[in-house]
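Each remark here refers to the structure printed beneath this line.
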Amino acid sequence: MNAIPFGVGAAIFVGVYLLAMLGIGYLARRARRSDSLDDFYLAGKGLGTFVLFLTLYATQYSGNALLGYPGETYRLGFAWIMSVGFMMAIIAVYLLFAPRLHRLAKQFNYVTPGDWIDHRFGSPALTLVANLVMVVAVSNYLLAQLMAMGHVVAGLSGNAVPYWVGVVLLTLVIGIYETMGGMRAVAWTDCVQGLMLLVGLLGVLIAAAPGPDHLRAATEWIITQQPQKAAVPSWQLCSTWMSTLLLIGFSGSVYPQAIQRIYAARDVPTLKCSLSLMAFMPLLTMLVVFLVGILAIQHFAGLQGVAADQVMPMLLREWANQSLWMYLIALLVFTGILAAIMSTADSVLLSLSSILAKDFVGKTLLRHAPEQRLTQAGKLLSWVIMVILITIALVPRITLWGLTELKMEILVQVSPVFVLGILWLRLTARAALVGLLAGSALGMSLTLAGYGKLWGLHAGLLGWGLNLVLCLTLSYLPVIQAKRAVSPRPEIG
Amino acid sequence: MMDAKEESRWLSQAEGLEPTGRVVDEPARRWWIWLVYVLLFGASIPWYLPQSSLPRIWLGLPHWVVISLTATIGIALFTAFVVNRYWREAEPPASLADKEDNPL
């Protein structure tokens, strides 16, 4: 990675940012109303519009959006405009199930995604399998964020701050403010981090803003020199484009941390306003990143393969060396990237700890324990998760890094349980379970066998198709229909 | 197992019924909204454009990118319209009224 000539001033800037995060965690702790699970994991289901919108935004857009997507644009060319659409697809899928799920969550005091599954289907087996799928998917996602924190800090500082210090220090900061304030701390810090991400994007826009002639010249150059990156996409690529819209739309909307934000919204107007705003954020975020990648095709011509991932660091170094003004912009973009990674990591960690505490420990070891005890167990589990993932992140040989590619492929298999389960009361627990298992098995086995895509369609989407067919057909079978479960537990929460 | 009263309440909530029995309006209840989404997302993928011709430049970008982007802007505007026009809910239960003064 390309080192940026950041000095003491930059270190102080980042230090102040990290201290501010801890301060917010302390304020969130003082604002708590009780030690209940609802208060710790969902901020008492009282998030207002401003906080809900920014926490949704900061959580949905990880560091990958700023660091990885310019490289994707560089490699694929103009067809990466699909990234604007697939982030919008997530919001469209929300509209299928979020209104009812929010209403039910308020009525029946759901805390975890598993509470909904348990309540709707009354099947411990389905709840367990769905939880396992979500835990595996988001654990990999969290690991990827922790490793990204280390790489960003080490790479951009020219190893002045070693990789392990980046991983351990930033994870510690997240762990401390999250343990102090739970969802309030995460959501409040997300506000600051979301704003920093927006400021970083603004910095990118100012530094790289193309005039009409500049953009036209870059496009003409690409059409002449690398025509495959500007050509109308082939049928195969259009097929992948459609597959990506469906895969990201249905998996991104059922991330546990996303589901819990639907629960945590104060009321319907709050959720409506936040989702309305979120519909426009891909235009402000992905489009800027897309344009940066397009301009880089000409500016840094000749990068091959993974070297294209260095587009943003190379730009930051270039800007930082130009003038004091551009140095400040590079610093803002750098902290924006850091904020984007941390805001995703803290939300995922909190969600993971809530699932483990309530749906696993709370149903086994602490089956009859009071909520206060479960909240304490959740805090402890957060630290256990952090220690395990830090260990894996620091020893790359035993990483699960390769599995992160499977994240969306398996997470999408849970979506029928939420979307179809909400919309179609005939869906049975057994049909949902068989569909989930068969879809996950097909998606994972095809991917691991090297068939990540068939006819341009992602393996996970093919598994999802099988999952849906099984959900629909098995729900109509008489023997299963007799046992269909709209038979919730007597008490939730 | 839950009693009949709770099951009735659960089904009502799941199906979008207010306590009065009036149906709550929401996007999932209108099929044409999803047809429009399919058309807009379909238009955002340039499968219908000839693949052999050289791209023309509109607004500094290849023409098919501008067409795709226009459809995507349409999706954002349509989503905001649907959320504000076709998602109307009953008042929250009285037990939640104390959340209203939350400063968050």
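Just so you know, the protein sequences line up as chains W and F, in that order. Everything in the first sequence is counted per our numbering, starting at 1 for the first residue and increasing by one. Everything in the second sequence is counted per our numbering, starting at 1001 for the first residue and increasing by one. We treat Cβ as the ideally placed atom computed from N, Cα and C, and that holds for glycine. This structure is a prediction, so every number in the text was calculated from the model and none was measured.
Check: A1043/F CB to nearest chain W CB: under 7 angstroms?; Outcome: no
Check: Between G293/W and L197/W, which are expected to be in contact by the criterion C-beta below 8 angstroms, what is the C-beta distance as a whole number of angstroms?; Outcome: Not really, about 17 angstroms apart at Cβ, beyond 8 angstroms.
Check: Mind listing, in chain order, the continuous beta strand (DSSP E) runs of no fewer than 3 residues lying wholly within the stretch 1032-1080 of chain F?; Outcome: none
Check: Report the residue from Y26/W, V204/W, V8/W, Y41/W whose alpha carbon sits nearest the alpha carbon of Q372/W.; Outcome: Y41/W
Check: What residues of chain W sit near L1035/F, judged by a beta carbon separation below 7 angstroms?; Outcome: None at all; the shortest Cβ gap to chain W is about 13 angstroms.
Check: Checking the sheet assignment: what are the DSSP bridge partners for R1088/F?; Outcome: D1025/F
Check: Could you name the residues of the stretch 416-439 of chain W whose beta carbon sits closer than 8 angstroms to any beta carbon of chain F, in the order they occur along the chain?; Outcome: I422, L423, L425
Check: Roughly how many whole angstroms lie between the Cα atoms of F495/W and F97/W?; Outcome: Since the first residue shown for chain W is 1 and the last is 493, residue 495/W is missing from the structure and cannot be characterised.
Check: Would T219/W count as contacting chain F if we go by Cβ distances under 7 angstroms?; Outcome: yes
Check: Over the uninterrupted alpha helix (DSSP H) stretch that includes H102/W, give me the two end residues.; Outcome: 82-108
Check: Confirm, please, whether the CB-CB distance from G1060/F to P227/W is below 7 angstroms.; Outcome: no
Check: Should I12/W be labelled buried (16 or more other beta-carbon atoms within 10 Å of its own) or exposed?; Outcome: exposed
Check: Between the beta-carbon of V91/W and the beta-carbon of T1070/F, is there less than 7 angstroms?; Outcome: For the sequence presented, residue 91/W should be read as Ile rather than Val. Taking 7 angstroms as the Cβ cut-off, I91/W and T1070/F do not qualify as a contacting pair.
Check: What residues from chain W crowd round T1079/F, counting only those whose CB sits closer than 8 angstroms?; Outcome: M88, I91, A92, L95, L275, S276, A279
Check: My guess is that Y470/W and F334/W are in contact by the Cβ rule of under 8 angstroms, so how many angstroms apart are they, rounded?; Outcome: Going by the sequence as given, residue 470/W is Leu instead of Tyr. The Cβ separation is near 47 angstroms, so there is no contact.
Check: Of all the options A301/W, I390/W, S83/W, which has the alpha carbon lying nearest to the alpha carbon of M147/W?; Outcome: I390/W
Check: So, with DSSP's three-state summary, where would you put H299/W?; Outcome: helix
Check: Do P282/W and M88/W have their C-beta atoms closer together than 7 angstroms?; Outcome: yes
Check: Quick check on I410/W: does DSSP put it in helix, strand or coil?; Outcome: helix
Check: Are A10/W and L332/W close, meaning C-beta to C-beta below 7 angstroms?; Outcome: no
Check: In this structure, what does DSSP give as the bridge partners for A265/W?; Outcome: L47/W
Check: Nearest chain F C-beta to C471/W closer than 7 angstroms, yes or no?; Outcome: no
Check: Near L411/W, what residues of its chain come up, given a Cβ to Cβ distance below 6 angstroms and the 5 sequence neighbours on each side ignored?; Outcome: A137, S251
Check: Can you pull the chain W neighbours of L1039/F, defined as C-beta to C-beta under 8 angstroms?; Outcome: Neighbours of L1039/F on chain W: none; closest Cβ ~12 angstroms, over 8 angstroms.
Check: Can you give me the C-alpha to C-alpha distance between I1067/F and L76/W, rounded to a whole angstrom?; Outcome: 18 angstroms
Check: Shorter than 7 angstroms from the beta carbon of W1087/F to some beta carbon of chain W?; Outcome: yes
Check: Under a CB-based cut-off of 7 angstroms, is C238/W close to chain F?; Outcome: yes
Check: Using C-beta distances below 7 angstroms, list every residue in its chain close to I206/W, excluding the 5 sequence neighbours before and after it, in chain order.; Outcome: I329
Check: Checking contacts by CB at 7 angstroms: is G1060/F closer than that to chain W?; Outcome: yes
Check: Look up K229/W in the DSSP assignment and give the residues it is bridged to.; Outcome: According to DSSP, which records beta bridges pairwise, K229/W is partnered with nothing at all.
Check: Sort Q257/W, L374/W, M134/W, Y74/W by Cα distance to Q304/W and report the nearest one.; Outcome: Y74/W
Check: Touch check for the stretch 179-189 of chain W and the stretch 42-51 of chain W: three-plus C-beta pairs under 8 angstroms?; Outcome: yes
Check: Kindly list, in the order they appear in chain W, the residues whose Cβ is closer than 7 angstroms to that of T1070/F.; Outcome: Neighbours of T1070/F on chain W: none; closest Cβ ~11 angstroms, over 7 angstroms.
Check: When you compare the CB of A230/W with every CB in chain F, is at least one pair closer than 7 angstroms?; Outcome: yes
Check: Helix, strand or coil for L454/W? Go by DSSP, reduced to three states.; Outcome: strand
Check: Return the residue from the list Q413/W, I174/W, T219/W, M82/W that minimises the CA-CA distance to P1046/F.; Outcome: M82/W
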